[in-house]
Amino acid sequence: MLTRKQHELLLFVHERLKETGVPPSFDEMKDALDLRSKSGIHRLIKALEERGFIRRLPNRARALEILRLPESMAPGLAAPRAKGFSPSVIEGSLGRVRAPVHSESEAASDNIMVPVMGRIAAGTPIEAIQNHSHSINVPPDLLSAGEHFALEVRGDSMIEAGIFEGDTVLIRKTDSADTGDIVVALVDEEEATLKRLRRKGASVALEAANPAYETRIFGPDRVRVQGKLVGLIRRY
């Protein structure tokens, strides 16, 4: 049995494939389902794949195949319509994200090289972000506009947000964030941690997504935002 959001996403992808023959982008799916981040779309797609409703085609960016639809549709449930959408632009030397591609060789060339800057603590904070160690190929649908970097996750403080040890998080560089955003926070210019940001008056709270960890509260001059979470890569 599918949840309502899983059902909505499946119908949206099905309708888009019927209309254009091309699956919607992650941004389009996020907007259509009114979700705050693309990580929610990743979880829904993974659930639909595990239940045998869709298949992700290997080595191809933005490639989904509908295997089957639910036998019974919820009464009155229509596929959500995408809100206004414009392609993401990756600033700097990376250039503009190109149109969807359909062959494995084209997909590989369409990927964006993102530098991996060491490890980030999803648990007890570790030392500040390290230097560029290597780069990874990332499908453009996982990125938003702007400059990006990647970090390897260590610890389990964000597991209820779907972020696990060994994951690679994709971060958009920014020094500002809204309350509720998951950010890379630098504390006292020494410790880097991945937490949900909450503003409490003049104070800044760094909130874990695991009840085993306490929320840490700091004065505003002690915490510096270095980036916001925009995507995640998991290897099995």
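The sequence shown runs 2 to 237 under the numbering used here.
C-beta: ideal position from N, C-alpha, C; glycine also.
Contact check, residue i vs residue j, beta carbons under 8 Å
i, j, result
"Gly119", "Leu152", "yes"
"Val154", "Ile121", "yes"
"Leu58", "Leu11", "no"
"Asp176", "Val117", "no"
"Leu187", "Val115", "no"
"Lys19", "Phe27", "no"
Candidates the options: closest to residue i by CA position
i, options, result
"Ser1", "Arg197, Thr21, Lys174 and Glu66", "Not covered by the structure: residue 1. The range shown for the chain is 2 to 237."
"Asp157", "Leu143, Leu195 and Ile137", "Leu195"
"Ile160", "Leu233, Ile137 and Phe13", "Leu233"
"Arg200", "His8, Pro141, Asn112 and Val224", "Val224"
"Asp222", "Gly41, Val205 and Gly22", "Val205"
"Asp142", "Ser134, Ile113, Thr169 and Glu166", "Ile113"
"Ala162", "Thr21, Leu18, Ile42 and Ile218", "Ile42"
"Val139", "Pro71, Arg69 and Val231", "Val231"
"Pro212", "Arg5, Ala123 and Asp28", "Ala123"
"Lys6", "Asp32, Thr21, Gly22 and Ala193", "Asp32"
"Ile218", "Tyr237, Ala203 and Leu49", "Ala203"
"Gly228", "Gly167, Glu148 and Glu191", "Glu148"
"Ala210", "Phe165, Thr4, Gly220 and His133", "Phe165"
"Arg236", "Glu191, Lys47 and Leu34", "Lys47"
"Phe13", "Thr4, Leu3 and Leu34", "Leu34"
7 Å Cβ shell around residue i - same chain, five flanking residues per side excluded
i, result
"Asp189", "Arg223"
"Glu208", "Lys196, Arg197, Arg199 and Thr216"
"Ala75", "Because Ala75 sits at a pLDDT of 42, beneath the cut-off of 50, its placement in the model cannot be relied upon, and the following sentence gives the value as read from the coordinates. Within the same chain, Ala75 has close Cβ partners His8."
"Gly77", "With a pLDDT of only 41 at Gly77, under the threshold of 50, the placement of this residue in the model should not be trusted; the figure read from the coordinates follows. So the list is empty, once near-sequence residues are dropped."
"Arg44", "Gly163"
"Glu50", "Arg56 and Arg57"
"His135", "Val117"
"Thr21", "none"
"Leu36", "Ile42"
"Gly220", "Ser204"
Cβ-based neighbour list, residue i, same chain, cut-off 6 Å, excluding 5 preceding and 5 following
i, result
"His15", "Ile67"
"Thr169", "Ala151, Glu153 and Ile234"
"Arg17", "Pro25"
"Arg56", "Glu66 and Leu68"
"Ala64", "Leu58"
"Thr4", "none"
"Ser94", "Per-residue confidence for Ser94 stands at a pLDDT of 31, beneath the threshold of 50, marking its modelled position as unreliable; the derived number appears in the next sentence. Nothing listed; no residue qualifies."
Same chain only: Cβ atoms within 8 Å of residue i, ignoring 5 sequence neighbours per side
i, result
"Asp179", "Leu198"
"Gly53", "Leu68 and Arg69"
"Ile137", "Met114, Val115, Val117, Ala151, Thr169 and Ile234"
"Gly167", "Glu153, Val154, Arg235 and Arg236"
Could I get the ranges of all uninterrupted beta strand (DSSP E) runs contained in the segment 35–63, with 3 residues as the minimum, in chain order? 55–57
Which whole runs of the beta strand (DSSP E) in the segment 115–186 are 3 residues long or more, in chain order? 135–139, 149–155 and 169–174
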